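Undergrad:
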Amino acid sequence: MLLKSTKMQLSVMFHKKGFQISFLIVLGYVIVTYLYYVFKLWGYDVSDMYHPAVLSALNSDSQYSWFFMMYYPFIVVLPAGFLFMTDREVNIYSIVQARQNIKSYYLSKVLAAFIGGFTVFFLPFMIGLVLNILTFPIEATGTLTNFEIYSDTYYMYASSYLFPNLYHSNIYVYYIVTILIFGCFSGIVSVFLLAISTFKIRYRIFMFLPFYLIVYLLRQMRGWFTNLSLEFNYEWYLLASDAVPNKKIILPIIIVVFLLICSTVIIIKNIKRDQLL
């Protein structure tokens, strides 16, 4: 029952404009970044070329990465943030619940939201990585920081990455893992926003505020806790190849746990409320 219901929810979500627009935005960003480096490096000798992996749109040093991350808190709302609101607006909410178990209804929504948020960000970035591997010479060793990947200087620089040992052992696996983390984080944010949408929010534009306010609060915390050697900008944990010495894995873990706890509490509360109706 849960699997069938999840498939149905995914089918509905994939046909929603929000999901399609967000997917096209991320894919467009990836393609623009890819084309930028294609034209920039046209005619370069292999010895002057960048390693295919570091040209990923997820690289913190890529041409448009910070511009993309500026709008990420709004893009991540689109895949699943309005699912419950849509059900209420078209009066499907009560009809679907009458045909299936209330718990299955909510859990299928949660699974669909995670898969949708994950897909919107994971798939385009993976497409970009594959395009880079197929287009640029794999013998190239340059980086966007103008260090050679295998030089001692760059090894010291890369030691400030979130997963330096993985980067040193296999750069392709490193980028696949970082893309996977980005996708999973986006999926969890989608679940959180889905849970928020269960509240009777009058205007859809207000759905863009919850995650943005969390992001804003995190940035403000850097000024509040100056004694902590910890970087509070969440972007630097999601982007790859970002050499920030004060990055600690504990912060993204705290963010994810916070989002999951809030989502779980809200969904469980809704399930219990609807079971009593």
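Heads up, the final residue of the sequence shown is numbered 1367 in this note's numbering, and it's a clean run with no missing numbers. Backbone N, C-alpha and C fix where the C-beta goes; we use that ideal spot for every residue, glycine too. Since this is a predicted model, take the numbers as computed values, not measurements.
#1: In terms of residues, what are the limits of the alpha helix (DSSP H) holding Gly1171?
#2: Which residues in the same chain have their Cβ closer than 8 Å to the Cβ of Leu1284, if we skip the five residues on either side of it in sequence?
#3: For Gly1206, which residues in the same chain have their Cβ closer than 8 Å to its Cβ, ignoring the five residues on either side in sequence?
#4: Between Phe1157 and Glu1325, what straight-line distance do the alpha-carbon atoms span, to the nearest angstrom?
#5: At what residue ranges does the region 1250-1282 contain a whole run of the alpha helix (DSSP H), taking only runs of 4 or more?
#6: Could you check where the alpha helix (DSSP H) with Pro1214 kicks off and where it finishes?
#7: So, at 7 Å on beta carbons, what are the nonlocal neighbours of Phe1211 in its own chain, with the 5 sequence-adjacent residues on each side left out?
#8: Between which two residues does the alpha helix (DSSP H) holding Met1098 run?
#9: In three-state terms, what does DSSP make of Asn1323?
#10: At the 8 Å Cβ level, is Leu1197 part of the contact set with chain C, yes or no?
#11: Comparing alpha-carbon positions, which option in Val1166, Pro1342, Phe1129 and Tyr1154 lies nearest Phe1301?
#12: Applying the 10 Å Cβ sphere with the 16-neighbour rule, what's the burial state of Gly1405?
#13: CB-CB under 8 Å to Met1159, same chain, minus the five flanking residues each way: which ones, in chain order?
#14: With contact counted as at least three CB pairs below 8 Å, one residue from each stretch, are the region 1287-1295 and the region 1211-1228 in contact?
#15: Is DSSP giving Tyr1140 helix, strand or coil here?
TA: Per the coordinate set shown:
#1: No alpha helix (DSSP H) holds Gly1171; DSSP gives it neither H nor E.
#2: Only Ala1170, Gly1171, Leu1173, Phe1174, Lys1199, Val1200, Ala1203 and Ser1353 meet the Cβ criterion.
#3: Leu1100, Met1103, Phe1104, Phe1109, Pro1169, Ala1170, Gly1277 and Ser1280
#4: Glu1325 has its alpha-carbon roughly 11 Å from the corresponding atom of Phe1157.
#5: Listed in chain order, the complete alpha helix (DSSP H) runs (minimum 4 residues) inside the region 1250-1282 are 1254-1259.
#6: Ile1192 to Thr1225
#7: Val1116, Phe1272, Gly1273 and Ser1276
#8: Leu1092 to Phe1104
#9: coil
#10: Considering every chain present, this structure includes no chain C. It has just one protein chain.
#11: Val1166
#12: This structure gives no information on residue 1405, because the portion of the chain shown stretches from 1091 to 1367.
#13: Glu1325, Leu1328 and Leu1329
#14: Below 8 Å, too few C-beta pairs join the region 1287-1295 and the region 1211-1228 to call them touching: fewer than three.
#15: strand
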